Structure formats: C-alpha cells, structure tokens
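*Asks:* Take a look at this one; I'll ask things after.
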Amino acid sequence: MIAGDGAVRGGPDPSSGGAGAPLGGREPSAEIGRPAWEREPPVEEARPPGPTTRVRIREFSGGAVRDRRDDLATEEPLEIRLAAGGERRTVAVTMRTPGHDFELAAGFLYGEGVVPAGGSTEGSAGESGGIASISYCTDADVAPEARRNTVTVRLRGARLPALPSLERHFTTSSACGVCGAAGLDALHSRCLAPIAEPGPPLAPETLYGLPDALRRAQGVFGKTGGLHAAGLFTPDGALVALREDVGRHNAVDKLVGRALLDGRLPLTGHVLMVSGRTSYEILQKALAAGLPVVCAVSAPSSLAVDLAREFGITLVGFLRGERFNVYSRPDRVRAPAPGP
Numbered sequence: 001m002i003a004g005d006g007a008v009r010g011g012p013d014p015s016s017g018g019a020g021a022p023l024g025g026r027e028p029s030a031e032i033g034r035p036a037w038e039r040e041p042p043v044e045e046a047r048p049p050g051p052t053t054r055v056r057i058r059e060f061s062g063g064a065v066r067d068r069r070d071d072l073a074t075e076e077p078l079e080i081r082l083a084a085g086g087e088r089r090t091v092a093v094t095m096r097t098p099g100h101d102f103e104l105a106a107g108f109l110y111g112e113g114v115v116p117a118g119g120s121t122e123g124s125a126g127e128s129g130g131i132a133s134i135s136y137c138t139d140a141d142v143a144p145e146a147r148r149n150t151v152t153v154r155l156r157g158a159r160l161p162a163l164p165s166l167e168r169h170f171t172t173s174s175a176c177g178v179c180g181a182a183g184l185d186a187l188h189s190r191c192l193a194p195i196a197e198p199g200p201p202l203a204p205e206t207l208y209g210l211p212d213a214l215r216r217a218q219g220v221f222g223k224t225g226g227l228h229a230a231g232l233f234t235p236d237g238a239l240v241a242l243r244e245d246v247g248r249h250n251a252v253d254k255l256v257g258r259a260l261l262d263g264r265l266p267l268t269g270h271v272l273m274v275s276g277r278t279s280y281e282i283l284q285k286a287l288a289a290g291l292p293v294v295c296a297v298s299a300p301s302s303l304a305v306d307l308a309r310e311f312g313i314t315l316v317g318f319l320r321g322e323r324f325n326v327y328s329r330p331d332r333v334r335a336p337a338p339g340p
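Residue 1 is where the sequence shown starts when you use UniProt numbering, and the numbers rise one by one after that.
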C-alpha cells in the first residue's frame, strides 16, 4: 500500500514544507568569492529537497535597502523510472517542485496510457501493467544526494510494455510541458472516448468562487508567490484536493495520481480548476481522468480548445471576478436567471 511519499524508508516527507535545500549544504570551498550577504553558516548534512528553498536577497524598496531571507519555490529534476521483471528504463525527466512525487509519477504514467485506471497498488491485483509499487531509488548508479529526485515505478508483469507515447517525454520542462505534442489522432488511437455525459450542471455563481477557493488553499504559493495550482472541486464548489507545483501540468498529474492510487478514477462529476492558462497537455490529462469540466483564470491555447471540442470537455477560461468565457460544451453551465 502506498500511503504517501513520506512513508518511504522513514525519511522526511518531501511535501511537508520547510526551508527546503539550504544554502548551508555546500562545502566551505563553495563559499569562496561569494558576497558575505549571500552566505549562510554551513550545516553538516543537506536535507532532501522540499517545496521551498530559503535564500538571502538584497531588497530595494523606495529609498530603503535591506538584506533579508526569502523563500523561493523549489525547482528540481525528477527522473521517473519504470521497472518490470528484470527490465528497467528511464521514461521521463521532469522539472518539478518536490512533494507528492509518487502521485506525480503515477499521474504522469496514467495520463500517457502506460498504466490502467484499475492498475493502482490498491486495485486489480495481478493486472498486467498495473503499478505494483513506487519508491525512491536506491540504485548504486544514483548518487545519494540525487535519490530523492529519482522515483522507480515497478509494474506488474514479466517485462516492460511498449512505450511509444513516452519518446517525446524524455526531458520535460516545468514551464510549458512538452513541445511537439502528439495530435488529436493519437488520443483516439489510445481509445480515449469523448465525455458524452451531460455532466454536473454548474451555476455561474459556483464558477465565480473557484479562483478564490483555489488561491486560499495554496499554502506554498503564500510563502513564495511562485507556484501554479490545480484543484479538484465538486459541482457545488467544494474543494476536494489541491496540489501545487512550478509546472501546471505537474500539479494536474499529482491530483490525478492521487486519485489513481486511491482507486477513484474516473473523476466524472468533478471540476478541475487550474491557475494560469490551459494547454493541450492539461486537457489531455483531464480527458484521461474523465474530467468533464476544466476551468482556468487565463486563456486556453488553440489546441486545447480543439481537444475540448473534439472530446466533449467543457472548457472555461478567463475566470475572473464575475465573468468567464466558455469555449466548448456550454450546455453544462446553467444560464443565469433573468433579472426582474
């Protein structure tokens, strides 16, 4: 059973917050030539990376100048490895904010069609291709300081599956996802069906409240001002779960991965709310998870709109204050009652 990232080998939970990787983890020689205001006392052992990293900065405000500490959103690489039988392969390296790493790996692999919805560690025992376990890597070829940045997902079965959909993912960026994304035909080839159900009827007043609810729940953003968020909501606007990351698509993977590991896919009857814009990458992940409604505070890309219309997802953009645009399947949003 996977209880969460913190259950691994009794180590500190990468999602627990805190200062993250401190400057003091450097050898003393690394401080030579650094300005005194950037230096911090060394510590004996660097901690695993956390969601925030504390640095020293010089702040200029009006006519005042002061040196102080500041918290940044941590950005570190995460290598995702697959293993089955005696085979092992690195399938992706993504830049992410440490925390909920197992969910990120599971959600990413599910979104790419590598593992089935029933293939979590809690369900479909013995199903070939399902997830048998997820752990941080202890392989001898991985340096000790990098092991919390390497996750091994072990699949059921005697060998790894064919992975053509992952060729484009060997290195991904936290900023904008993967370039050169496969077209809509690739989604049809994976037998992803359009979301034809009417879905939850949504009141405009409910949508108006989602951005503020998302922002209030962003604990790490409140410290750093530098993270995206993805939130899962009920049709009446209640927050079910939220994940933060430097990458919008990573935050969605973490949400979907949690649902996969809990055996709660598909997420029909829920609403996905993301900070920033919506891209093809995010709509692809929403489609795979069965999410009928995707909302964002900013604009969608043209390919995101194409995907939403092709597969029946209600796509809402520019959700700010008491206004928004609906780019596809507007029938799921109730028209406001006429005025007196």
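Where is the CB? At the ideal position from N, CA and C, for every residue including glycine. Note that the structure is a prediction, hence the values are computed from the model and not measured.
#1: Put Ala230 into one of helix, strand or coil per three-state DSSP.
#2: With C-beta atoms as the reference, is Leu242 less than 8 Å away from Leu214?
#3: At the level of alpha carbons, what is the spacing between Ser133 and Ala162?
#4: I'd like the list of long-range same chain contacts for Gly321, defined as Cβ closer than 6 Å, with 5 residues on each side in sequence excluded.
#5: Out of Pro292, Ser275 and Gly269, which has the shortest C-alpha to C-alpha gap to Ala299?
#6: Using the beta-carbon count (16 or more within 10 Å), is Pro98 buried or exposed?
#7: Thinking just about the alpha-carbon of each residue, which of Leu307, Leu287, Arg334 and Pro48 is nearest to the one in residue 369?
#8: Is Glu79 helix, strand or coil by DSSP?
#9: Out of Val297, Asn325, His249 and Glu310, point me to the one whose CA is closest to Leu210's CA.
#10: What's the call for Asn325, buried or exposed, on a 16-neighbour Cβ count within 10 Å?
#11: Which two residues bound the contiguous beta strand (DSSP E) that contains Ser135?
#12: Give the DSSP-derived three-state secondary structure of Glu281 in the structure shown.
#13: Over the uninterrupted beta strand (DSSP E) stretch that includes Ala296, give me the two end residues.
#14: Looking at the structure shown, is Leu184 part of a helix, part of a strand, or coil, going by DSSP?
#15: Can you give me the Cβ contacts of Gly199 inside the same chain, cut-off strictly under 6 Å, excluding the 5 residues immediately before and after it?
#16: For Pro300, which beta-bridge partners are listed by DSSP?
#17: Between which two residues does the beta strand (DSSP E) carrying residue 342 extend?
#18: Tell me which residues share the same chain as Arg309 and place their Cβ nearer than 6 Å to its Cβ, disregarding the 5 neighbours each side in the sequence.
#19: Output the distance between the C-alpha atoms of Ala289 and Phe60, rounded to the nearest integer angstrom.
#20: Can you tell me which residues form a DSSP beta bridge with Ala288?
#21: Near Asp253, what residues of its chain come up, given a Cβ to Cβ distance below 6 Å and the 5 sequence neighbours on each side ignored?
#22: For Asp262, name the three-state secondary structure that DSSP assigns.
#23: Is Gly86 helix, strand or coil when you go by DSSP?
#24: Would you call the CB atoms of Gly312 and Ala196 closer than 8 Å?
#25: Classify Cys295 as buried or exposed, calling it buried when 16 or more other Cβ atoms lie within 10 Å of its own Cβ.
*Replies:* For this structure:
#1: strand
#2: yes
#3: 19 Å
#4: none
#5: Ser275
#6: buried
#7: Absent from the structure is residue 369, since the part of the chain shown begins at 1 and ends at 340.
#8: strand
#9: Val297
#10: exposed
#11: Ile131 to Tyr136
#12: helix
#13: Val293 to Ala296
#14: helix
#15: Pro292 and Arg332
#16: Thr278
#17: The chain is shown from 1 up to 340; residue 342 falls before or after that span and cannot be answered.
#18: Ser328
#19: 46 Å
#20: None; Ala288 has no bridge partner.
#21: Leu104, Gly107 and Phe108
#22: coil
#23: coil
#24: yes
#25: buried
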